[in-house]
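Be aware that the sequence shown starts at 9, since it is given in this note's numbering, and climbs by one per residue.
Here a beta-carbon is modelled for each residue, glycine too, at the ideal position from N, C-alpha and C.
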Amino acid sequence: MPVSISACIITLNEEYNLRKCLESLSFVDEIVIVDSGSTDKTLEIAADFQATVFQRKFDNYVNQKNYCISKARNNWILALDADEVISTALSEEIHLLASKDISASGFLIPRLTYYLGKWIRFGGWYPNLQIRFFHKEYGRFTGILVHERVHLQGHCARLKQPILHYSYRSISDHLKFIDRYSSLAASEKHAAGKKGFVSLAVLEAIWKFFSMYFFRLGFLDGRAGLVVAILGAYYNFLKYIKLYELTHQEKHKP
């Protein structure tokens with residue numbers, strides 16, 4: 009029996025990305041958007057595609073995405089970020105899958121990122137498999153502050169075709185992301201009782217660069233691969249140096 013699909017997306021000022029994302033969802037039966045107070049044209053774009061929009065104050069990614077899923081009419085969920093696009097090949101793969109009985113509870117989907125003018129296939133950025141298509145009775149987002157993931161009960165299968173990820177508009181945009189997420193990651197580690205050291209921050213940065221550029225073959229992505237590895241190392245350095253800062257502040261509380 010064919011299944012109906014709800015695409016679930018959370019937004020905040022996503023006018024730059026959202027139209028391209030929604031244009032790729034012509035095969036789904038419903039689009040659900042949970043917005044946390046956009047002041048740009050995000051809501052106008054959502055209306056152009058007859059999306060059902062709910063407003064919710066943002067607290068964290070896990071709660072926001074699970075709330076979005078709870079508002080979906082259909083059992084089968086396609087969970088996306090606003091900067092992601094369903095490739096034509098993936099839409100055909102999902103459409104074919106949805107036309108018959110589905111035995112799995114959810115599906116891993118590869119994600120291919122566009123960065124500095126090219127598709128990044130090495131350095132640990134691909135295939136970056138994530139559960140994004142799943143039955144909502146068996147799947148739910150879990151995590152704390154960063155790196156939310158779908159926890160799935162039951163059998164997980166894998167799709168072949170990728171989600172296309174248009175993650176960063178510029179180096180400056182990437183740096184803003186690194187600053188925000190390194191702060192969240194440091195806070196998460198600190199709350200778990202982890203302690204930071206300057207030496208650890210340096211070693212983690214060095215290890216990250218070598219892992220991405222050499223062990224995970226980032227050099228095969230050319231100059232873009234070098235930038236990805238350097239900024240990956242920078243992210244690790246910031247994460248652990250911010251953890252050191254939190255450790256130092258706690259130690260010297262009056």
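Who are the Cβ neighbours of Gln72 in its own chain at under 8 Å, not counting the five residues just before and after it? In the sequence shown, the residue the question calls residue 72 occupies position 64. Only Ile18, Val42, Ser44, Arg64, Phe66 meet the Cβ criterion.
Does the beta-carbon distance from His159 to Arg166 come in below 8 Å? As a working mapping, residue 159 is identified with position 151 in the sequence shown. As a working mapping, residue 166 is identified with position 158 in the sequence shown. No, they are not a contact pair.
So which of Leu246, Tyr174, Ser190 has the shortest CA-CA distance to Val206? Walking along the sequence shown from the start, residue 206 turns up at place 198. When only C-alpha atoms are compared, the closest one is Leu246.
Could you have a look at Ile139 and say whether DSSP puts it in helix, strand or coil? One-based indexing of the sequence shown puts residue 139 at position 131. Three-state DSSP puts Ile139 in a strand.
With burial defined as no fewer than 16 other Cβ atoms inside 10 Å of the residue's Cβ, what is the status of Thr1: buried or exposed? Lying before the first or after the last residue shown, residue 1 is absent from the chain, which here runs from 9 to 262.
8 Å Cβ cutoff met for Ile264 and Ser178: Any question about residue 264 goes unanswered here, given that the chain covers just 9 to 262.
To the nearest angstrom, report how far apart Leu105 and Phe141 are at their CA atoms. One-based indexing of the sequence shown puts residue 105 at position 97. One-based indexing of the sequence shown puts residue 141 at position 133. Approximately 11 Å between the Cα atoms of the pair.
Using the Cβ count rule (16 or more neighbours within 10 Å means buried), how would you classify Phe173? The residue labelled residue 173 in the question sits at position 165 within the sequence shown. Before going on, a small fix: residue 173 reads as His here, not Phe. His173 is buried by the Cβ-count criterion.
What are the residues that DSSP puts in a beta bridge with Glu92? Taking the sequence shown and counting its residues from 1, the one referred to as residue 92 is at position 84. For Glu92, which the question treats as bridged, DSSP gives the partners His173.
Simplified DSSP state of Phe66, which is helix, strand or coil: In the sequence shown, counting from the first residue as 1, residue 66 sits at position 58. It is coil, neither helix nor strand.
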